[in-house]
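Remarks on the structure that follows.
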Amino acid sequence: MDEKGFEALAVKDIITRANINRGTFYLYYKDKFDLLDQTLSEVIQDIGASGGIVFLNDGVRRFFIRTLGLDKREEGGYKVMGLRKVYVDHAATTALSTTAFQAMLPYFGDTFANPSAIHEYGVNAKAGVERSRRMIAKAIGAKNNEIFFTSGGTESDNWAILGAVAQRSSKGKHIITTSIEHNAVLKTAEALEKQGYEVTYLPVDYYGRITPEQLAEAIREDTVLVSIMMANNEIGTILPIKDLCQVARQRNVLFHTDAVQAVGQVKIDVRDLNVDLLSMSAHKFQGPKGVGALFVKIGRILPPLIHGGGQEKGSRAGTENVPGIVGMAAALEEAVATMAEKNRKVVAMRDRLIQGILKIPGSYLTGDPENRLPGMASFAFAGMDKKPLVTTLSKAGILASSASACTAGSINPSRILLATGASESLAYGSLRISLNEHNSEEDMDYLLETIPSVISNMRNGD
Ligand code: PLP
2 MDEKGFEALA
12 VKDIITRANI
22 NRGTFYLYYK
32 DKFDLLDQTL
42 SEVIQDIGAS
52 GGIVFLNDGV
62 RRFFIRTLGL
72 DKREEGGYKV
82 MGLRKVYVDH
92 AATTALSTTA
102 FQAMLPYFGD
112 TFANPSAIHE
122 YGVNAKAGVE
132 RSRRMIAKAI
142 GAKNNEIFFT
152 SGGTESDNWA
162 ILGAVAQRSS
172 KGKHIITTSI
182 EHNAVLKTAE
192 ALEKQGYEVT
202 YLPVDYYGRI
212 TPEQLAEAIR
222 EDTVLVSIMM
232 ANNEIGTILP
242 IKDLCQVARQ
252 RNVLFHTDAV
262 QAVGQVKIDV
272 RDLNVDLLSM
282 SAHKFQGPKG
292 VGALFVKIGR
302 ILPPLIHGGG
312 QEKGSRAGTE
322 NVPGIVGMAA
332 ALEEAVATMA
342 EKNRKVVAMR
352 DRLIQGILKI
362 PGSYLTGDPE
372 NRLPGMASFA
382 FAGMDKKPLV
392 TTLSKAGILA
402 SSASACTAGS
412 INPSRILLAT
422 GASESLAYGS
432 LRISLNEHNS
442 EEDMDYLLET
452 IPSVISNMRN
462 GD
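Each residue of the sequence shown is one higher than the one before, starting from 2 at the first, in our numbering.
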């Protein structure tokens, strides 16, 4: 049924009563059950809302539709606004691109064989893996034999760090990282501390930045590895990896960068950056989950983290996730090819959103205002509590996050904001809105209409 039809129902006394309470629209009727039950069920499907029938005692039926509200029309009709869903948590994960999905399909079907098998089917599967390796290498300016497939960003980070320190064990037991790394790096560094390694956590400034001078000062004779992320997953700050890497290079220290948030959004050329190790994860750039890669510069072969069969030239055992690998390559190739155009759109939306949200009293932009991920709009709100804020926004159809995905449910203040020198009370009020090209200006309209009122209501205790 279209909007007009619905209005007709609402005004022609078939509906005996209609009211709205806390975003739910209630319609009461006591005859024409067949017509109304079915029509209203169609309405909720059409507008993407939820709802259903309640049978009341006196023969009256009450149909409820969870909506965002009503536009009361002058002529007495109603327009029901469906519960709009705006997904703005792309830093946590992205939806699989159609290109990646299509590329993966044959590998769930006929090309299912084990790529280690030497028969025809196995050779076909292996060809998919090797073609993907070439595509990924090309996307980041690497050589084919510098790409090693893993189960994702976490494994790549673990392998890079644990492998690098094992490789350089005779040189020393000191590593350098930062106070704003993802847990995949931080917890690995902490595990090394328990094994007797010393770890320097470089502090960041208010914007989440680190300077080459800071790094130069921290490097010691026994430093074996520097691990610094390319872009922060919570506040979006992009770090000057090329300059930082140069410092490590001059001192003959291995350099790893966790580029999980940057790959697919920021142009990456590993030769220009001159890094030794670079982690990536497919699900951040519209590839599938559970697959990633580690770039290992030629000559830096790491001892394996996962022991077993001879896959990945004996460096990473385990039957390859062939559909995942193929999907990752297709997604990355597409992301790189469309990056400039996509980023223009995303940056325009992001900047409009930031400008609008900063009009809310007691709101702050977190991260570097200039060097930030194209889709990252991250904030802190005074006097707010991030978990209820995110859940209330979710009820209003805004699917955002307070911090990184793996700490999203945490009730602690954001450790990243604390590291940037934010007060504890402000660090409780973080909100991360991460966009991609599938968002629209209409989504931004909706965010800018809804977030200020949600925050104002929550501050007033409503
Ligand atoms: N590093 C960063 C910066 C991330 O944002 C993430 C994911 O949130 C990871 C590592 C972990 O990647 P994965 O989810 O593929 O294990």
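By construction, the Cβ of each residue, glycine as well, lies at the ideal position given by its N, Cα and C atoms.
Looking only at its chain, what residues have a beta carbon closer than 6 Å to the beta carbon of Ile-181, apart from the 5 residues adjacent to it on each side?
Val-205, Gly-209, Asn-233, Ile-417, Ala-420
In this structure, does DSSP put Lys-80 in helix, strand or coil?
Unreliable positioning characterises Lys-80 in this predicted model, as indicated by a pLDDT of 49, which lies under 50. The coordinate reading is nonetheless provided below. The DSSP-derived three-state label of Lys-80 is strand.
Can you list, in chain order, the stretches of the alpha helix (DSSP H) that have 4 or more residues and sit fully within the stretch 265–330?
271–274
Taking its Cβ as the centre, do 16 or more other Cβ atoms sit within 10 Å of Thr-99, making it buried, or is it exposed?
The residue in question, Thr-99, is exposed, as its Cβ has fewer than 16 Cβ neighbours within 10 Å.
DSSP state of Ser-454 mapped onto helix, strand, coil:
Of the three classes helix, strand and coil, the one that applies to Ser-454 here is helix, per DSSP.
Would Glu-156 be called buried (16 or more neighbouring beta carbons within 10 Å of its own) or exposed?
Looking at its Cβ environment, which holds 16 or more other Cβ atoms inside 10 Å, Glu-156 is buried.
Quick one: using the 10 Å Cβ neighbour count with 16 as the cut-off for buried, is Tyr-207 buried or exposed?
exposed
Using the C-alpha atoms, what's the distance from Gln-247 back to Lys-188?
Distance between Lys-188 and Gln-247, taken at the CA atoms: about 26 Å.
Taking the beta strand (DSSP E) that Met-377 falls in, what are its first and last residues?
Run containing Met-377: 377–382, per the beta strand (DSSP E) assignment.
Nearest-angstrom Cα distance between Tyr-122 and Ala-128?
10 Å
If you draw a straight line from the alpha carbon of Phe-296 to that of Leu-278, how long is it in whole angstroms?
5 Å
Can you tell me whether Phe-149 is buried or exposed, with buried defined as 16 or more other CB within 10 angstroms of its CB?
buried
In whole angstroms, what separates the C-alpha of Glu-425 from that of Ala-92?
24 Å
Taking the beta strand (DSSP E) that Phe-113 belongs to, which residues open and close that run?
Phe-113 -> no beta strand (DSSP E), and no H or E assigned at all.
Where does the unbroken beta strand (DSSP E) through Ser-424 begin, and where does it stop?
From DSSP, Ser-424 is part of no beta strand (DSSP E); its letter is neither H nor E.
Report yes or no: is there a C-beta of chain C within less than 8 Å of the C-beta of Glu-321?
The chain labelled as chain C is not found in the depicted structure, where only one protein chain is given.
Given a cut-off of 8 Å on the beta-carbon distance, is the pair Gly-325 and Val-271 in contact?
no
Which same chain residues end up closer than 6 Å to Ala-336 when comparing Cβ atoms and leaving out the 5 residues on each side of it in sequence?
Gly-265, Phe-286
Is there at least one non-hydrogen atom of ligand 1 closer than 7 Å to the beta-carbon of Met-329?
no
If you drop the 5 nearest sequence neighbours on each side, which residues of the same chain put their C-beta closer than 8 Å to that of Ala-404?
Glu-235, Lys-387, Ser-411, Ser-415, Ile-417, Ser-431, Arg-433
Name the residue from Ala-217, Leu-216, Val-267 whose alpha carbon lies nearest to the alpha carbon of Ile-239.
Nearest option by C-alpha distance: Val-267.
Tell me the rounded alpha-carbon separation between Val-166 and Asn-275.
19 Å
To which residues of the same chain is Arg-135 closer than 7 Å at the C-beta, ignoring the five residues directly before and after it?
Closer than 7 Å at Cβ, skipping near neighbours: Asn-145.
Spatially closest choice to Pro-213 from Ser-133, Pro-241, Thr-224, by CA coordinates
Pro-241
Please confirm whether any heavy atom of ligand 1 lies closer than 7 Å to the CB of Thr-155.
Under cutoff, so the answer is yes.
With respect to 7 Å, is the separation between the Cβ of Ser-282 and the closest non-hydrogen atom of ligand 1 below this value?
For ligand 1, at least one heavy atom lies less than 7 Å from the Cβ of Ser-282.
Tell me which same chain residues have a C-beta within less than 6 Å of the C-beta of Ala-190, skipping the five on either side of it?
Thr-178, Val-200
Could you tell me the alpha carbon to alpha carbon distance between Tyr-88 and Gly-309, rounded to whole angstroms?
40 Å
Beta-carbon separation (whole angstroms), Ile-220 vs Thr-258, contact threshold 8 Å:
In fact, because the Cβ distance is near 16 Å, the residues do not count as touching under 8 Å.
Tell me, please, whether the stretch 443–459 touches the stretch 386–402 by the rule of three or more beta-carbon pairs shorter than 8 Å.
yes
Endpoints, beta strand (DSSP E) assigned at Leu-366
364–366
So what's Glu-218 in DSSP terms, helix, strand or just coil?
helix
Closest residue to Glu-194 among Lys-174, His-183, Ile-211 (Cα-Cα distance):
Lys-174
For Ser-133, does the three-state DSSP call read helix, strand or coil?
helix
Please confirm whether any heavy atom of ligand 1 lies closer than 7 Å to the CB of Met-350.
no
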